[in-house]
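Worksheet: the structure to be examined is printed underneath.
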Amino acid sequence: MGCRCQRSRMELPPAPDRQRRLQPDEHRNGLQPERAGASADSGASLDEIFGFPEAGTHSAANAVDLRLAEASVEPTTLEVANQLFPDDGFSPLPDFLATAARQYGAAIEPVDTADGAAAADTINRWASERTRGLIPMIVDAGTVQDQKLVLVNTVYLKADWSRQFFAELTEDGQFNTGGNQWVTVPFMRDQSPRERRYVLLDEADAVELPYEGGELAMWLIVPHDAAGLPAVEESLDAAALTGLSRAARTGTVQLAMPKWEQTLPPADLFEWLCPQGFCPGAPFGGIAPDIFISAALHGAKVIVDEKGTEAAAATAVAFPTSLPPEPDLTIVADRPFLWAIVHQDTGALLFVGRLVNPAG
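Counted from 1, the sequence shown has number 569 at position 94 by this note's numbering; the numbering is strictly sequential.
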């Protein structure tokens, strides 16, 4: 699953199985440090794709990261990390290193990319530690072999619902995967209608599930029709997703939703970046002379249960040289739906995805 949610229209990367998950600001965050080293044309392409501001790109990203860090208060953990892995003996330009360190907190750990397996092991170990084991691998030996620089970005979230579901109420139910095919999965259920914030859309109902502390929330966007997810995706954009909170009304909602776990193995971001004009070979002379981008990979995982949510994502970019009373509304998320985890104050879309089949 996934979406490019930095421009006005939400665009989903190729998903032949309709079961792809993406953390939209993670794509932006994963490529934003590299923007500091992009040549003019490469920078213009990134600005167009991700909507980076013409000025103050890096200071604005730093300000958002600082606000996100404020949400990381017990019992919530929300951490964003960046790391530079240059080849032994390779020195990026001082201005690039200064921006990466000052605005993105990126530290440096040299690796010997002539030994691709050992370098990949070092990078994967770092990513796994930062994501608490949810992303055990983001690069392989072939990806990093003989590269001059690999830049990795991670985000990790663990948050409890402000009002948790009772595990003893969870029971199996039927989920329509959209093609009039049903799978049996465990459903979490409200014991009785709860006061929740919700939005009635033309083709779907959206309901908010806040996390402890109030800084973060998940939104479920459940189409009225079991086959209606593509139309709902087409009708929504980033502004609509981040604007759900402002449009919400409060009422009693009876909610049933599946427990689920989704994993997106490392995927090639160029599958959807290249059709938009940003392809392998784009020059990044601000990092070092004659350097260009050769690989951009993204992986993610989310676990949703009665207690809350645990989610993580990682992006790696390589450079060579050459996510009771009658209720006012009843929502049963028993069909493919959208979900989004939003930082309430900044509107940052931490994770956005589609759930098509919670059985896997």
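All C-beta atoms, glycine included, are put in the ideal place defined by N, C-alpha and C.
This one's a predicted model, so the numbers in the text were calculated from it and none came from an experiment.
Asked                                                                                                                                                                   : Found
Residue range of the alpha helix (DSSP H) that T629 falls in?                                                                                                           : No alpha helix (DSSP H) holds T629; the beta strand (DSSP E) holding it covers L624 to D635.
Taking the alpha carbon of W735 as the reference point, which residue from L704, G783, I524 and D621 has its own alpha carbon closest?                                  : G783
Ignore the nearest five residues each way along the sequence and tell me which others in I610's own chain have a CB closer than 8 Å to its CB.                          : A602, S603, T629, G774, A775, K776, A787, A788 and A789
How about Q737 and G608: do their beta carbons lie closer than 8 Å?                                                                                                     : no
If you count every other CB in all the chains shown that lies within 10 Å of the CB of Q639, and 16 or more means buried, which is it?                                  : exposed
Quick one: complete alpha helix (DSSP H) runs, 4+ long, within the stretch 538-587?                                                                                     : 569-579
Excluding the five sequence neighbours on either side, which residues of its own chain have a C-beta within less than 6 Å of the C-beta of A592, listed in chain order? : A616
Going by the beta-carbon positions, is the gap between W747 and Y686 smaller than 8 Å?                                                                                  : no
Using the three-state DSSP reduction, which class does D700 fall into: helix, strand or coil?                                                                           : coil
Near G512, what residues of its chain come up, given a Cβ to Cβ distance below 6 Å and the 5 sequence neighbours on each side ignored?                                  : F571, F759, G761 and I762
Determine the DSSP secondary structure at A640, reduced to helix, strand or coil.                                                                                       : As written in the sequence, residue 640 is Phe, which differs from the Ala given in the question. It is coil, neither helix nor strand.
Classify L644: buried if its beta carbon has 16 or more other beta carbons within 10 angstroms, exposed otherwise.                                                      : exposed
When the Cα atoms are used, what is the spatial distance from L497 to N599?                                                                                             : Here the model assigns L497 a pLDDT of 33, short of 50, so the residue's position is not dependable, and the following value carries that caveat. C-alpha separation (whole angstroms): 19 Å.
Would DSSP call I806 helix, strand or coil?                                                                                                                             : strand
Please name the residue, chosen from Q649, S517, R672 and Q666, that lies closest to G726 on a Cα-to-Cα basis.                                                          : R672
Spatial neighbours of A702 within its chain, please: C-beta separation below 6 Å, excluding the five flanking residues on both sides.                                   : G653
Just to confirm before moving on: does the CB-CB distance between V586 and D621 stay below 8 Å?                                                                         : no
Are there 16 or more other CB atoms within 10 angstroms of the CB of T606, so buried, or fewer, so exposed?                                                             : buried
Given a threshold of 16 other Cβ atoms within 10 Å of its Cβ, counted over all protein chains shown, does F826 qualify as buried or as exposed?                         : buried
Counting Cβ pairs closer than 8 Å, one from the stretch 566-584 and one from the stretch 810-825, do we hit at least three?                                             : no
Just verifying my parser: in three-state terms, what is the DSSP assignment at N651?                                                                                    : strand
Near Q729, what residues of its chain come up, given a Cβ to Cβ distance below 7 Å and the 5 sequence neighbours on each side ignored?                                  : D665, P668, P802 and T805
State the start and end residues of the unbroken alpha helix (DSSP H) segment that holds E604.                                                                          : G591 to R605
Report back the beta-carbon spacing between A642 and E785 to the nearest angstrom; my notes put them in contact at under 8 Å.                                           : At roughly 16 Å, the Cβ-Cβ gap does not stay under 8 Å, so A642 and E785 are not in contact.
Just reading off the beta strand (DSSP E) that D522 is part of, what are its end residues?                                                                              : That residue, D522, is in no beta strand (DSSP E); its alpha helix (DSSP H) goes A515 to F525.
Count the other CB atoms within 10 Å of the CB of P750; is the residue buried (16 or more) or exposed (fewer)?                                                          : exposed
Closest to Q819 by C-alpha separation, out of L632, L543, E523 and S514, would be which residue?                                                                        : L543
Under the DSSP definition of a beta bridge, which residues are partnered with I613?                                                                                     : In the DSSP output, where bridge partners are listed per residue, I613 has none listed.
Using the C-alpha atoms, what's the distance from G752 back to A878?                                                                                                    : Residue 878 lies beyond the residue range present for the chain, which begins at 476 and ends at 835; the question has no answer from this structure.
Excluding the five sequence neighbours on either side, which residues of its own chain have a C-beta within less than 7 Å of the C-beta of Q558, listed in chain order? : A581, A582, E584, W601 and V627
First and last residue of the alpha helix (DSSP H) that includes A715?                                                                                                  : A713 to T717
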